[in-house]
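Number of protein chains: 2
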Amino acid sequence: MAIRFEVLEKDIAGRLGRLRVGDKTVHTPALFPVVNPHLPLIPAAEIREMGAEAIITNAYIFATSGRFREPALGQGLHRVLGFDGVIMTDSGAFQQSVYGDVEITNRETLSFQRAVGSEILVPLDIATPPQADRRRAESDLGITLERIREAGEMVGWENLAAPVQGGRFPDLRERAGKAVSETGAGFCPIGGVVPFMEAYRYRELVEIVLAAKRGLSPAACVHLFGAGHPSMLPLAVAMGCDVFDSAAYALFAREGRYLTPSGSLALGEMTELACPCGACRGRTAEELGEDPGHEALLARHNLAVTLSEMARIREAIREGTLWELVDDRCRSHPRLLDGYRALLGHGGELERDDRASKRRFFYRGGESCLRTEVHRHHRLIPRVPLGGRVLVTFTGKALPGFDTVLLFKPPFGPYPAELAETFPIGQSEIPSWDPEMVARGCAGIRAMMVSHPGVSFTILCEPEWGDIARTGLPGAEVRVEPL
Amino acid sequence: MAIRFEVLEKDIAGRLGRLRVGDKTVHTPALFPVVNPHLPLIPAAEIREMGAEAIITNAYIFATSGRFREPALGQGLHRVLGFDGVIMTDSGAFQQSVYGDVEITNRETLSFQRAVGSEILVPLDIATPPQADRRRAESDLGITLERIREAGEMVGWENLAAPVQGGRFPDLRERAGKAVSETGAGFCPIGGVVPFMEAYRYRELVEIVLAAKRGLSPAACVHLFGAGHPSMLPLAVAMGCDVFDSAAYALFAREGRYLTPSGSLALGEMTELACPCGACRGRTAEELGEDPGHEALLARHNLAVTLSEMARIREAIREGTLWELVDDRCRSHPRLLDGYRALLGHGGELERDDRASKRRFFYRGGESCLRTEVHRHHRLIPRVPLGGRVLVTFTGKALPGFDTVLLFKPPFGPYPAELAETFPIGQSEIPSWDPEMVARGCAGIRAMMVSHPGVSFTILCEPEWGDIARTGLPGAEVRVEPL
Chain L
1 MAIRFEVLEK DIAGRLGRLR VGDKTVHTPA LFPVVNPHLP LIPAAEIREM
51 GAEAIITNAY IFATSGRFRE PALGQGLHRV LGFDGVIMTD SGAFQQSVYG
101 DVEITNRETL SFQRAVGSEI LVPLDIATPP QADRRRAESD LGITLERIRE
151 AGEMVGWENL AAPVQGGRFP DLRERAGKAV SETGAGFCPI GGVVPFMEAY
201 RYRELVEIVL AAKRGLSPAA CVHLFGAGHP SMLPLAVAMG CDVFDSAAYA
251 LFAREGRYLT PSGSLALGEM TELACPCGAC RGRTAEELGE DPGHEALLAR
301 HNLAVTLSEM ARIREAIREG TLWELVDDRC RSHPRLLDGY RALLGHGGEL
351 ERDDRASKRR FFYRGGESCL RTEVHRHHRL IPRVPLGGRV LVTFTGKALP
401 GFDTVLLFKP PFGPYPAELA ETFPIGQSEI PSWDPEMVAR GCAGIRAMMV
451 SHPGVSFTIL CEPEWGDIAR TGLPGAEVRV EPL
Chain H
1 MAIRFEVLEK DIAGRLGRLR VGDKTVHTPA LFPVVNPHLP LIPAAEIREM
51 GAEAIITNAY IFATSGRFRE PALGQGLHRV LGFDGVIMTD SGAFQQSVYG
101 DVEITNRETL SFQRAVGSEI LVPLDIATPP QADRRRAESD LGITLERIRE
151 AGEMVGWENL AAPVQGGRFP DLRERAGKAV SETGAGFCPI GGVVPFMEAY
201 RYRELVEIVL AAKRGLSPAA CVHLFGAGHP SMLPLAVAMG CDVFDSAAYA
251 LFAREGRYLT PSGSLALGEM TELACPCGAC RGRTAEELGE DPGHEALLAR
301 HNLAVTLSEM ARIREAIREG TLWELVDDRC RSHPRLLDGY RALLGHGGEL
351 ERDDRASKRR FFYRGGESCL RTEVHRHHRL IPRVPLGGRV LVTFTGKALP
401 GFDTVLLFKP PFGPYPAELA ETFPIGQSEI PSWDPEMVAR GCAGIRAMMV
451 SHPGVSFTIL CEPEWGDIAR TGLPGAEVRV EPL
């Protein structure tokens, strides 16, 4: 029942994949709903019907439960929970990070996880808190790596999840990713990130996750441990995370909170339920809140919304429209926007792995200027052969006396007429030009000028773009022509 | 059964309202699904169950139908369609605009509409096409106004919809709005806009609708005739439209197209259905497409999504978060972004009618700098009394020797500490500062400087904002201080 992971399609650093565990298949990016046997708001069998191919439960809770320990050891987790998909078990590391200590060792939890039939086993890693200094983070990381090695020797590598730790330090995260991949583990959770998400520190989260990914093998299936609020899933997938686990659907339901892909709301402050799911349909917020089964109803809504969001993300990767979904979701909270902008700051490095052709490029605001497709155009367009005198025409009009005439489409920049139908020029839709996108397009001209130092460049543009062209293109002649 | 309209809450120019027709109530903004008796994809009774309080059907189709004319005249529309909510009837004007002519007169259609028990009657107005010149638009408008007067005299004003025409000319639209409101009609469709929406000419649509609204009485219930694609509803509501009618749910279903709040997709190009509605749940796109009842299923999904979006819009107005919903939806297509930017271009005029306090202000990108709340801050902040020497501190640090110290929060600008908890300063959430929002905040300082010509202004800021402050605030002293 070894774990195998296959990448079928890519978009940004996100992957559409197949995670195989024995003869079972999980389509990634995937959500593993958290199932707590003591608080079963939705039976695991119904979670399966709702579309979840895997769940995660907590070995520590089972191991220490007077009620569930023996049945789990006797019948196995799948029978006790009534779930025939993939079951992953957490080790107790989360409890350890919250309570400071747990009464279980690394060997004990692994031995228990194996005995109850877990299909993805997690060692007792150390989740370094964000405020910990580098020394502590390094020491915690050393223990985690030691425990991963111990785990591999004990239960084998085939079904082991090997967590990446390193606290808030990108270089430690990268080193941890590398070390974990060198063990040969193919399923790698990025751990210790919950406090960052709880405090909306998305900018740091992006730096940490990208660093871990730089260290990890591209073949590894990457789990972002503890991430499950729908609003941040597209961002996380865009960075290359494949698996998520969420207790949010149930925890939020118990607090009377209603999940949406753009944030969560207090049911008590709502009036109408703008959702066509079975729990919401035909009910007002008040009616839902007063239903005796309101917690379970709310949990069903929350889970349905989160699973829908995963499906939407998979669909976006198939289409090549993940940037647009990330842009959409990340504007729902200013701190997520910070995280998105941090991701865009790595556009040049993400471009190398992004796919070459997509369904479309829709400009959605200034942030779109920094998408990978724009970086790629600026990297590749200098390869176009040029004569000694080049005209870049913003207006479409050509002038006599030039060896090469290039057209111009912001935010990409210059292109020869032969590329008018190819991606991204031909498949991009932009609004009326604005200064930001024109300036970014000029950066594309600049890239060309830099790689053709002997060539003279003339820009033909409408009066409103003259200043931007002159400022952005020192050394070019700018001819302004009224429409 | 007279029509009355009551506005309960406002956001931007959008209104949460109650439209009463006799003893029936429609909660606005509302969608009136279009029901065609010849192509009933969803029975009207089920449309009612799905949450629609009103529908619109076509009197011309009934009047010219061998099958439905007599039953409608004998039993009335409500019995024939099996719908106990509000029924509005179109006159045949749409057919006239598509086919050039119809075999019915204004008096005939009104007489028929009255006879079949319509509760909102529409005269045979002339929808001027966008390409028509001013002379034609003026002449069409004259005929429309004449027919409205004829209609009022014939069936009374109480249940009459009085359409606003005027083609692509904002001044004609404004004049038409005024003329229509002067008749006393309280239900006013803005007509002739479908070709603009079909061609994604949202920028012009915004100018036309805002012009019509300037002419119309604020007490009128405003119907945007033919608008029903969910992606443009928040924009239309933000301009002050209250009622929409949609055949899109059914027309798109017949073409195999799947509606979402951010656009429509071809079912044949989809894999997963990221929607928890009854039609989608448990089905793949392929399974839905191969179902013998796929047209009806798709119509149910499309209608459920559109009705959900209306509920979401009403909820946003209650919360005061409509700008955020508009921002979200309008980024889904670059031409909608053009329309949104056109709306923001009227921010100063919209501000006068916007409400004073909202749940929150979430910054969602550069466009947020032009929201009404920022305009209002810049209009009101100059009223704060100032001493002769004013310090505006970006860093929070005060310096000695000033009579007044103001804090600074972009994109709003300067504020005294006493306003730190009030809207929008206290309820706004912004990402890490960016140049655009800081420049916009400086415009707030400039507004203060203009209205206090004898006062000296000093700005204390971090080095990265020094250039923006110096450029934006000629006449102020800018002191740059490292963090």
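Chains as they are written, first to last, in our numbering: chain L, 1 to 483; chain H, 1 to 483.
Using N, Cα and C, we set each Cβ at its ideal position, and we do this for glycine too.
Since the structure is predicted, the reported quantities are computational estimates derived from the model, not experimental observations.
Within the same chain, Pro410, Trp465, Ile468 come within 6 Å of Val438(H) by CB-CB distance, once the 5 residues on both sides are set aside. Taking CB atoms only, Arg318(L) has a neighbour in chain H less than 9 Å away. For Arg479(H), the closest C-alpha among the options Glu462(H), Ala304(H), Arg359(H) is that of Glu462(H).
Here Asn159(H) is near Ile120(H), since their CB atoms are less than 9 Å apart.
Here Leu31(L) carries a strand assignment [DSSP, helix/strand/coil].
His38(L) is classed as exposed because its beta carbon has fewer than 16 other beta carbons within 10 Å across all chains shown. Put simply, the CB of Cys442(L) is far from chain H, with every gap to its CB atoms at 9 Å or more. With 16 or more other Cβ atoms inside 10 Å of its own Cβ, Asn106(H) counts as buried. For Phe244(H), DSSP records a beta bridge to Leu31(H), Leu224(H). The contact set of Cys275(L) on chain H, defined by CB atoms closer than 8 Å, consists of Pro276, Ser308 in chain order. Put simply, the CB of Asp11(H) is far from chain L, with every gap to its CB atoms at 9 Å or more. Restricting attention to Arg149(H), Met154(H), Ala13(H), the CA atom closest to the CA of Ala162(H) is found in Arg149(H). Judged by their CB atoms, Gly17(L) and Ala63(L) are not nearer to each other than the 9 Å cut-off.
In this chain, the beta strand (DSSP E) harbouring Asn58(L) covers 54-58.
Distance from the CA of Ile313(L) to the CA of Val405(H), rounded to the nearest whole angstrom, comes to 48 Å. Of all residues in the segment 363-381 of chain L, those with a C-beta nearer than 7 Å to a C-beta of chain H are Tyr363, Arg364, Gly365, Gly366, Glu367, reading in chain order.
Taken in chain order, the complete beta strand (DSSP E) segments of 3 residues or longer contained in the segment 228-296 of chain H are 243-246, 257-260, 263-266. Cβ proximity to chain H below 8 Å picks out Asp327, Asp328, Arg331, Ser332, His333, Pro334, Arg335, Leu337, Asp338 from the segment 327-339 of chain L.
Of all residues in the segment 29-45 of chain H, none comes within less than 9 Å of chain L when Cβ atoms are compared. Within the segment 420-444 of chain L, Glu429, Ile430, Pro431, Ser432 place their CB atoms closer than 7 Å to a CB of chain H, listed in sequence order. Comparing C-alpha distances from Ile190(H) to each of Gly347(H), Ala13(H), Lys213(H), Ala420(H) shows the shortest one belongs to Lys213(H). In chain order, Pro276 make up the part of chain H whose C-beta sits under 7 Å from the C-beta of Ala304(L). In this structure, Leu73(H) lies away from Phe32(H), with their beta-carbon atoms at least 9 Å apart.
Think of a sphere of 7 Å around the beta carbon of Glu272(L): the chain H residues whose beta carbon falls inside it are Ala311, Arg314, Glu315, in chain order. Val209(L) and Val384(H) have their C-alpha atoms some 46 Å from each other. Bounds of the alpha helix (DSSP H) holding Cys442(L) are 435-451. A contact between stretches requires three or more CB pairs, one per stretch, nearer than 8 Å, and the segment 285-305 of chain H meets this requirement with the segment 240-255 of chain H.
Of all alpha-carbon atoms in Ala219(L), Arg446(L), Pro129(L), Tyr258(L), the one lying nearest the alpha-carbon of Gln96(L) is that of Pro129(L). With a threshold of 9 Å between beta carbons, Gly282(L) makes contact with chain H. Take Val102(L), set aside five residues on each side of it, and the residues of its chain with a beta-carbon closer than 7 Å to its own are Tyr60, Gly92, Gln95, Gln96, in chain order.
For Arg341(H), the residues of chain L that pass the 9 Å Cβ criterion are Pro431, Ser432, Asp434, in the order they occur in the chain. The Cβ-Cβ distance between Ser332(L) and Ser231(L) falls below 9 Å. Membership of Leu473(L) in any alpha helix (DSSP H) is not indicated, and neither H nor E is assigned to it by DSSP. DSSP places Glu207(L) within a helical segment (H, G or I) once states are collapsed to three. The C-beta separation of Thr372(L) from Leu350(L) comes to about 5 Å, placing the pair in contact by the 8 Å criterion. Taking a cut-off of 8 Å for Cβ pairs, the segment 364-380 of chain L and the segment 412-424 of chain L touch, as three or more such pairs fall below it.
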